[in-house]
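Numbering (my numbering), first residue to last: 137 to 231.
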């Protein structure tokens with residue numbers, strides 16, 4: 137699912153050289169990590185219509201303390217704060 141959606145949004149992101157993913161030895165992973173201007177932005181794709189944050193996303197936030205995290209959703213739009221990280225839920229239709 138992630139690779140299929142990446143193909144659709146990569147032109148809009150215009151960040152491919154700085155687009156990575158994150159995985160730990162215990163197999164926790166974040167779908168994509170954007171590195172831009174010395175900041176990191178975790179990006180998860182959760183094709184659901186409700187708030188959903190995986191354990192791996194929380195692990196990334198705890199380890200790296202990013203300013204912003206992004207969760208791409210089916211049609212859920214919201215924003216919340218987790219520790220010092222602003223988490224934005226953005227529907228894929230916005231792309």
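Beta carbons are placed, not taken as given, at the ideal position from N, Cα and C, and that holds for glycine.
Give the straight-line distance between the Cα atoms of residue 225 and residue 179, rounded to the nearest whole angstrom.
One C-alpha to the other measures close to 10 Å.
Since I believe residue 210 is in contact with residue 185 (beta carbons under 8 Å), could you give me their beta-carbon distance rounded to a whole number of angstroms?
5 Å
What's the gap between the Cα of residue 157 and the Cα of residue 181?
For residue 157 and residue 181, the distance between alpha carbons rounds to 12 Å.
Just the C-alpha distance for residue 199 and residue 229, rounded to the nearest angstrom, thanks.
30 Å
Taking Cβ positions, are residue 202 and residue 166 nearer each other than 8 Å?
no
Start-to-end residues for the beta strand (DSSP E) that takes in residue 168:
For residue 168, the uninterrupted beta strand (DSSP E) run begins and ends at 165 to 172, by DSSP.
Given residue 197 as reference, the closest of 227, 222 and 171 once Cα atoms are compared:
222
Just to confirm, is the Cβ distance from residue 214 to residue 195 under 8 Å?
no
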